[in-house]
Amino acid sequence: MVSFECMFEWIEELNPEQSEAVMAEDRHLLVVAGAGTGKTRTLACRVARLLADGVRPERILLLTFSRRAAREMTLRAGQLAEFGGAPRVWGGTFHAIAHRLLRQHGEAVGLRTGFTVLDQSDATDLLGLVRHDLGLGEQGRRFAKKDTLASIYSRTVNAQRPLIEVVDESYPWCRRDVGAIGTVFNGYLERKRLGNVVDFDDLLLYWRALAQSPRLGLLLQTTFEHILVDEFQDTNALQADIVAAMAGPNVSVAAVGDDAQAIYGFRSGSARHMSEFPQRFPGARIVRLVRNYRSTPDILDVANNVMAAATAPGDLDTKYLRAERPPGVRPQLAACVDELAQSSFVCDLVLENREQGIALREQAVLFRTGHHSDGLELELARRNIPFVKFGGLRFLEAAHIKDVLALLRLLDNPTDELAWRRILALMNGVGPATIRRLLEELEVGTPQALTRLLGPECPRFPPSALADLSGVSAALGDCVADDLPPADQIERLALACVPLFNRRYPATAKVRLADIEHLRIMATDYRSRSRFLAEMTLDPPSATSDLAGAPHLDDDYLVLSTIHSAKGGEWRCVHIIHAADGNIPSDMALGSPEELEEERRLMYVGVTRARDNLAISYPIRFYVARSGSASNAWGDAHTYGQPSRFLDATTAVLDSISVGEVTVERDPVAPELAALWS
DNA sequence: CATTTATAAATTTTT
DNA sequence: TTTATAAATG
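When we follow my numbering, the leftmost residue of the first sequence carries the number 71, and every step to the right adds one.
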């Protein structure tokens, strides 16, 4: 009961609007809450209030969009309900809850048991296979590439709009090929069904189908009494449909959101669904939270000025935040000579802050895209400043991790074509043509494919692959019964991977095997192989600070994060780097006014993460070409950066400083030489 | 004949 | 770092 009392102490500290949101007895509730207005706390308190009123925890569903938010909410609200192993509040991302429900009831909507969830890169690869098999993208024909196909697909499905409209609006250069794109999508659907796999979008689609089905819909509508949804401004049409379909006659829906923080347009999220909430859920009480308790007025001045020029203020306007805190320190805008200067500026500031008693984990560095932190990561490593990076490339994206997971997936679902392909391609002397033949002869698509590989009916492999084959088969044979714990299975499979990795990744095999050991350690908490696989797909570990060993979560570390991943978080000090025009807003997003506005909101989200200190920086000169391409070998391929256009209106409330010495502007020799032959 | 190697081109944000 | 095509190799 202790936690209940402590929760009631919180409730006493709520302001009148927050407590209205917590106590409201209306059937439906929409909380329009600006950044830093105590949204999460209000939601958690509402859950506490419901529990105190006698609602059973397992009758409460708490939906979030990001995994970070899910973790935080279930931590805060979930603790309340844990009395001696009593059932807990259902909490998680839309996708995680969908998965949980479909494992239970999936057969009712035509899903076979034992289905595998494809992550984004798997889904993209499968689209690429279909694309290739249809002979698209061959010579000269500039057909949409697999990544483009994946985003078109996801947009179409999540927005529930006709393909032609989506292509016209967002991918006009593919207009000519809509017919063929449709054909690819059909092939993709067929391929998924054949392999008994579902992608992220399918999880939502099948959940909706379940909730709308005559037989199970009623069951689901009576499973939960209260549905609470966080970050409602990021809902897409599919998710809005799901919430509506789950809301039976005796269900209350409480949604919380902020249209000024809608940043998931690329996933078809739209604040429109929030403004339509009152129509869709009639009788909803609307509560607005605008008092900001998080940031100093100095920081809010920046935030408010960023949004002042917003062209499309929503009708549920929360963008002007009222400061409740006393004045603090003026935020800084640092024009850095180059990226190196920016990196050392940030490191200096971080260390200085730590000297003043602000722990590293109270500080965050935020940026638009994953690779924007590359330079900084090098400098942090050089100065031995520990950090953890959220967003960007993940541990699981590494080829060798996918290789081992493919072996596990094969054991879990022997009809998974992608897993088969990945494993076969790892063997010596096996290429696309052999893979095609083997897939046919193994009859991948039937559950017997694995027994066929391990048994006497095993098809003929090229002689060069026989050694690899016997190693892999032996390992698969040892694990096929699934009587070993997942961690032991990984250890056994990793053994078979040693020779494969040594050949495929000669220079890095050692490091990669250490990563597999990391994977094994992560698996030790799981008792079920399929649970582990699903968890790795739906809630993969965030990228680690270093390639070796597990991150020491007890230690102090600096947080590096994309702005998208940072939403919902707050830190005493926030450093926004690469805030140059072209980065925020991204050059990619200049196509339409809507996209540009989303970038503005992104800047707003970044700024409003800060409590006490905010430093925005950008390099005046930065390289366009990424390392690895040879294009900058002759002369610098750099460009001169202007600060983000969203900061234009903030100059009066920012301290502008210059960082870095103006050294030699450019290499005097190379351009001179280049002039000789250009 | 099939596979490996070489070369050029293109690269947002998350579940 | 991936991806399509061309050349080189087994």
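Glycine residues also receive a C-beta, built at the ideal position from the N, C-alpha and C atoms.
Report task. Could you check which residue in H470, A489 and L121 has the C-alpha nearest to that of H28? Result -> As shown, the chain starts at 71 and ends at 748. That puts residue 28 outside it, with no answer to give.
Report task. Note down the Cα distance separating L554 from E394, rounded to an integer number of angstroms. Result -> If I take the Cα positions, the gap works out to 57 Å.
**Report entry** Among E449, T144, A193 and L133, nearest to L488 - alpha-carbon criterion
**Finding:** Nearest C-alpha to L488: A193.
Query raised in the report: With DSSP run on the structure shown, which of helix, strand or coil describes Y627?
Result: Coil, per DSSP.
Query raised in the report: Which whole-angstrom value is the C-beta distance of G162 and A140, which I expect to be below 8 Å?
Result: Contact annotation, G162 with A140: C-beta distance approximately 5 Å; criterion of less than 8 Å satisfied.
Query raised in the report: Looking only at DSSP bridge pairs, what is P713 linked to?
Result: Paired residues: A650.
Query raised in the report: To which residues does DSSP link K459 through a beta bridge?
Result: Per DSSP, the beta-bridge partners of K459 are L630.
Query raised in the report: Rounded to the nearest angstrom, how far is the Cβ of A281 from that of M316, given a contact under 8 Å?
Result: Taking 8 Å as the upper bound for CB-CB distance, A281 and M316 are in contact here, some 5 Å apart.
Query - Touch test, the stretch 346-362 against the stretch 408-421, Cβ-Cβ under 8 Å, three pairs minimum - result: The stretch 346-362, when compared against the stretch 408-421, does not touch it at the 8 Å Cβ threshold.
**Report entry** Where the alpha helix (DSSP H) containing W277 begins and where it ends
**Finding:** According to the DSSP assignment, W277 belongs to the alpha helix (DSSP H) that extends over F270 to Q282.
**Report entry** Contact belief for A373 with A719 at Cβ below 8 Å, rounded distance in angstroms
**Finding:** Going by Cβ atoms, the distance from A373 to A719 rounds to 11 Å, so no, they are not a contact pair.
Query - Runs of alpha helix (DSSP H) wholly within the stretch 461-536 (minimum 4 residues, chain order) - result: Annotation note: the stretch 461-536 contains the following uninterrupted alpha helix (DSSP H) runs of length 4 or greater, listed N- to C-terminal: 469-482, 487-495, 502-512 and 519-524.
Query raised in the report: Do V200 and V254 have their C-beta atoms within less than 9 Å of each other?
Result: With contacts defined as CB atoms closer than 9 Å, V200 and V254 qualify as a contacting pair.
**Report entry** Cα-Cα separation between I505 and N653, rounded to whole angstroms
**Finding:** Spanning the two alpha carbons is a distance of roughly 41 Å.
Query raised in the report: Thinking just about the alpha-carbon of each residue, which of G711, W641 and A404 is nearest to the one in D682?
Result: The candidate whose alpha carbon is nearest that of D682 is W641.
Query raised in the report: Do the CB positions of K109 and L196 come within less than 9 Å of each other?
Result: At the C-beta level, K109 and L196 stay beyond 9 Å of one another.
Query raised in the report: For V474, which residues from the same chain have a beta carbon less than 7 Å from its beta carbon, with the 5 sequence-adjacent residues on both sides left out?
Result: Here V474 has I560, L563, A564, C567, I586 and L589 as same chain residues with Cβ atoms under 7 Å from its own Cβ, once five neighbours each way along the sequence are excluded.
Query raised in the report: With distances taken from CA atoms, which of G198, L308 and P689 is nearest W277?
Result: By alpha-carbon distance to W277, the top candidate from G198, L308 and P689 is L308.
Query raised in the report: Is Q412 closer than 9 Å to V92 when the C-beta atoms are compared?
Result: For V92 and Q412, no; Cβs fall outside 9 Å.
Query raised in the report: Would you call the CB atoms of L430 and L684 closer than 9 Å?
Result: In this structure, L430 lies away from L684, with their beta-carbon atoms at least 9 Å apart.
Query raised in the report: Can F302 and A330 be called in contact, C-beta distance under 9 Å?
Result: No, these two residues do not count as a Cβ contact at 9 Å.
Requested in this report: Please go through the same chain and pick out, in chain order, the residues whose beta-carbon is closer than 6 Å to the beta-carbon of L520, but skip the five residues on each side of it.
Outcome: Result list for L520: P484, in chain order.
Query raised in the report: Exposed or buried, which one is Q712 when buried takes at least 16 other CB atoms within 10 Å?
Result: When all chains shown are included, Q712 counts as exposed.
Query raised in the report: In three-state DSSP terms, what is Q230?
Result: Shown here, Q230 sits in coil according to DSSP, grouped into three states, outside any helix or strand.
Query raised in the report: So, T721 versus A105, is the Cβ gap smaller than 9 Å?
Result: No. Outside cutoff.
Query - Start-to-end residues for the alpha helix (DSSP H) that takes in T607 - result: Note, T607: alpha helix (DSSP H), R599 to L608.
**Report entry** Cβ neighbour criterion (16 or more within 10 Å) applied to R245
**Finding:** Its Cβ having fewer than 16 others within 10 Å, R245 is exposed.
Query raised in the report: Shortest alpha-carbon distance to G807 belongs to which of E605, G265 and G327?
Result: What is shown of the chain runs 71 to 748, which leaves residue 807 out entirely.
Requested in this report: Compute the Euclidean distance between the alpha carbons of D96 and E90, then round it to the nearest angstrom.
Outcome: Approximately 11 Å, taken between the alpha carbons.
Query - V357, enclosing alpha helix (DSSP H) - first and last residue - result: It is not in any alpha helix (DSSP H) - V357 instead sits in the beta strand (DSSP E) that spans R355 to L359.
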